[in-house]
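*Asks:*
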Amino acid sequence: MSFFSYSFGCRVNEAEKEEIDCKMSLNGFRFDKNKPDIFIINSCSVTNKAEREARQLIYQTKKKLPEAKIVVTGCSATYWLKNNLYKDLPIDIIIDNVNKEYLVDLIKKRLNIENLASFHLGGGSGNFQNQNKFIDSGRLMVKIQDGCQRYCSFCIVPYLRGMPKSERIKSILSRISSYAKASEDKKNLGREVKEVIFTAINTEAFGYDTGETLIQLIQQTLTDSTVPRISFGSIHPWSINNEFINYYKNILPLKRLVNFFHVPIQSGSNKILNLMKRGYTREEMMEKLHKLHKINPLALIATDVIVGFLDETDKDFQDTYNFLKESPIDKFHVFRFSKRTKTAADYMEKRLNEPSVAEKTKRAAALIKLGKKKYFQFKQKNINRVSLTLFLQRSEEGFREALLDNQLPIWIADKGRSATSEVAETGKIKNVKIIEFKKGRLFGKIV
Ligand code: SF4
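Heads up: the sequence shown begins at 1 in UniProt numbering, then just goes up one per residue.
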């Protein structure tokens, strides 16, 4: 029996999808992209649009694969179950976030599936690993935490994922080592774990329920595993405190924590941060980010920012613009505020003005332009240095894509294109010298 899975939304959803794929494979299901018997959708509900997209995929799948059983889980599924909104959809099984961890058992039970032949992680077209761009490059996403206690006014996540729940460090490490072991037997497939990407809904809440800390997680991964690269999908603003900054300074020489910090700030205006209920000020964030930057000016700091939030005036937007311009953040993901039903912002809208679509578009364009300029300049700063670099699967016109020690993409000539370079297999780590910056892309050679 075969399956296919698709994930919308955040890195946590993507990590969950990997886990689902892995568990389905271990339970004997075969991965089939083209004609699966079971089609699993891990939905997102962060905006009304995300929910619409999940509905569209359900209808499209039903039309394209009328025989396939459609299984829907994730945040939209949870929202639909809570509000009884799924009855008209052609869904065979709907599973909320609370029961997601039992997804495979629920599928087997509801579809009366028993005793599938055990299928090992390994080669073959029926293995999901061959279809996953992260795993194929030796990058393993691991969910370390779920849920959130913050209740930012624009966000539906705490209502759908519940209060914070963390994985224990021991079980995180055992997941890494069991995956590494399964992959070791298949070394020729280039799937050893070369980078573990920790993902969380809110890193601040990691360990609230287990008494452990993020620093302990990093430390124990450094001491108890041999994974060469450790990175985070996002590090949330509240996790960047003096203790974390000092710890980063201490472990920097080890060169194992990837120098990339995606810190979703959302706004640089104190008024808007307050309306969003983010619990920090622009001044506090600026100070912390400068401290990080001082330790390692070549660490890439990225952010998410929302423009056009309720009551955002030109002056408030200018505060955000100036904040981003003056801060050491060099990569922005810009979002236009869109109201999500059943969030605090949905109710606040009754007394606060929402900027017009034209204003939001104009503000987003200004930030995108600034972001492009800063990212361009940051890339330039990397020229002539040598970095440990992870080779990815993607290649284009004789060049292979790789990731520097700060997650910047770089292109290396494959064998035959350059006498000085050699082919490095996907999933390998090599020292690379960054030699050129052309048309927005960095190019390097193995040294
Ligand atoms: S920190 Fe805020 S934005 Fe992030 S999940 Fe929690 S409530 Fe949502």
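Note that the Cβ used here is the ideal one computed from N, Cα and C, for glycine as well.
1. Out of Asn84, Thr213 and Thr221, state which residue places its alpha-carbon closest to the alpha-carbon of Asn241.
2. Taking C-alpha atoms, which residue in Asn13, Phe4 and Glu19 lies nearest to residue 448?
3. So the candidates are Ser327, Leu257, Leu292 and Asp88; which of them puts its Cα closest to the Cα of Thr221?
4. Which residues does DSSP list as the beta-bridge partners of Leu403?
5. Whole-angstrom Cβ separation of Ser269 and Arg282, contact assumed at under 8 Å?
6. Assess, as a yes-or-no matter, whether the segment 400–415 is touched by the segment 367–374 under the definition of 3 or more beta carbon pairs within less than 8 Å.
7. Nearest to Met285 by CA position, among Leu388, Asn84, Glu359 and Ile329, is which residue?
8. Check each candidate in Ser231, Ile176 and Lys170 and name the one with the smallest Cα separation from Thr210.
9. Within 10 angstroms of its Cβ, does Met163 collect 16 or more other Cβ (buried), or is it exposed?
10. Which same chain residues, not among the five before or five after Asn13, have their C-beta less than 7 Å away from its C-beta?
11. Report yes if the CB atom of Lys194 is closer than 8 Å to the CB atom of Gly427, and no otherwise.
12. Smallest Cα separation from Phe206: which of Trp238, Gln145 and Glu192?
13. Let me confirm a value: Arg385 is counted as buried when at least 16 other C-beta atoms fall within 10 Å, else exposed. Which label applies?
14. Going by other Cβ atoms of all chains shown within 10 Å of its Cβ, with 16 needed for buried, is Ala180 buried or exposed?
15. Please classify Asn34: is it buried, with 16 or more other beta-carbons within 10 angstroms of its beta-carbon, or exposed?
16. How about Arg150: is its Cβ closer than 7 Å to a heavy atom in ligand 1?
17. Who pairs with Asn34 in a beta bridge, going by DSSP?
18. Within this structure, are the beta carbons of Leu106 and Ile93 separated by less than 8 Å?
19. Would you mind giving the Cβ-Cβ distance between Asp224 and Leu173, rounded to the nearest angstrom? I have them listed as a contact below 8 Å.
20. How should Tyr248 be labelled, buried or exposed, when 16 other C-beta atoms within 10 angstroms of its C-beta is the threshold for buried?
21. Please state whether DSSP places Asn431 in a helix, a strand or coil.
22. Use the C-beta contact count for residue 450: other C-beta atoms within 10 angstroms, 16 or more gives buried, fewer gives exposed.
23. Can you tell me which residues form a DSSP beta bridge with Val307?
24. Taking C-beta to C-beta, are Lys331 and Tyr375 nearer than 8 Å?
25. With a cut-off of 8 Å, do at least 3 Cβ pairs link the segment 56–70 to the segment 11–26?
26. Please report how far the alpha carbon of Phe335 lies from the alpha carbon of Ala345, in whole angstroms.
27. For Ala364, write down the residues that DSSP places opposite it in a beta bridge.
28. Using a Cβ-Cβ cut-off of 6 Å (strictly less than) and excluding sequence neighbours within five positions of Phe337, which residues of its own chain qualify?
*Replies:* The structure says:
1. Working through the sequence shown from its first residue, we reach residue 241 at position 241. For Asn241, the nearest C-alpha among the options comes from Thr213.
2. Since the first and last residues shown for the chain are 1 and 447, residue 448 lies out of range.
3. Looking up residue 221 in the sequence shown gives position 221. Nearest C-alpha to Thr221: Leu257.
4. As a first step, residue 403 is located in the sequence shown; it is residue number 403 there, counting from the start. According to DSSP, residue pairing for Leu403 in a beta bridge involves Leu390 and Pro409.
5. Residue mapping note: residue 269 aligns to position 269 of the sequence shown, counting from 1. Residue mapping note: residue 282 aligns to position 282 of the sequence shown, counting from 1. That pair is a contact at about 7 Å.
6. Using a Cβ-Cβ distance cut-off of 8 Å, the segment 367–374 and the segment 400–415 are not in contact, since fewer than three pairs of beta carbons, one from each stretch, lie closer than that value.
7. One-based indexing of the sequence shown puts residue 285 at position 285. Ranking Leu388, Asn84, Glu359 and Ile329 by Cα distance to Met285 puts Ile329 first.
8. Here residue 210 refers to the residue found at position 210 when the sequence shown is read from its first residue. Measuring C-alpha to C-alpha distances from Thr210 to each of Ser231, Ile176 and Lys170 identifies Lys170 as the nearest.
9. On the sequence shown, residue 163 is found 163 positions in, with the first residue counted as 1. Flag for Met163 reads exposed.
10. Within the sequence shown, numbered from 1, the residue matching residue 13 stands at position 13. Annotation for Asn13: Ser7, Asn42, Cys44 and Gly74 place their beta carbon closer than 7 Å to its own, counting only its chain and skipping 5 residues before and after.
11. Position 194 of the sequence shown holds residue 194. Position 427 of the sequence shown holds residue 427. The answer is yes: Cβ separation under 8 Å.
12. Counting from one through the sequence shown, the residue named residue 206 turns up at place 206. The candidate whose alpha carbon is nearest that of Phe206 is Gln145.
13. As a working mapping, residue 385 is identified with position 385 in the sequence shown. With fewer than 16 Cβ atoms within 10 Å of its Cβ, Arg385 is classed as exposed.
14. Your numbering for residue 180 matches position 180 in the sequence shown. Answer is buried; the Cβ neighbour count reaches 16.
15. In the sequence shown, the residue the question calls residue 34 occupies position 34. Exposure of Asn34 is indicated by the presence of fewer than 16 other C-beta atoms within 10 angstroms of its C-beta.
16. In the sequence shown, residue 150 corresponds to position 150, counting from 1. Remark: the shortest separation between the CB of Arg150 and any heavy atom of ligand 1 falls under 7 Å.
17. The residue given as residue 34 occupies position 34 in the sequence shown. Asn34 is not bridged to any residue.
18. As a working mapping, residue 106 is identified with position 106 in the sequence shown. As a working mapping, residue 93 is identified with position 93 in the sequence shown. Closer than 8 Å, so yes.
19. Working through the sequence shown from its first residue, we reach residue 224 at position 224. Working through the sequence shown from its first residue, we reach residue 173 at position 173. Contact between Asp224 and Leu173 holds, since their C-beta atoms are separated by about 5 Å, short of 8 Å.
20. Along the sequence shown, one-based indexing puts residue 248 at 248. Counting Cβ neighbours within 10 Å, Tyr248 comes out buried, since at least 16 surround it.
21. Sequence index remark: in the sequence shown, residue 431 carries index 431 (1-based). It is a strand residue.
22. Past the edges of the chain, shown from 1 to 447, lies residue 450, and the structure says nothing about it.
23. Against the sequence shown, residue 307 aligns to sequence position 307. DSSP lists Arg336 as partners of Val307.
24. Here residue 331 corresponds to residue number 331 of the sequence shown, with the count starting at 1. Here residue 375 corresponds to residue number 375 of the sequence shown, with the count starting at 1. Less than 8 Å separates the beta-carbon of Lys331 from that of Tyr375.
25. In short, these stretches do not touch, since the Cβ pair count stays below three.
26. Along the sequence shown, one-based indexing puts residue 335 at 335. Along the sequence shown, one-based indexing puts residue 345 at 345. Looking at the two C-alpha atoms, the distance is approximately 16 Å.
27. The sequence position of residue 364 within the sequence shown is 364, counting from 1. Paired residues: none, contrary to the question.
28. Walking along the sequence shown from the start, residue 337 turns up at place 337. The answer, listed in chain order, is Ile306, Gly308 and Phe309.
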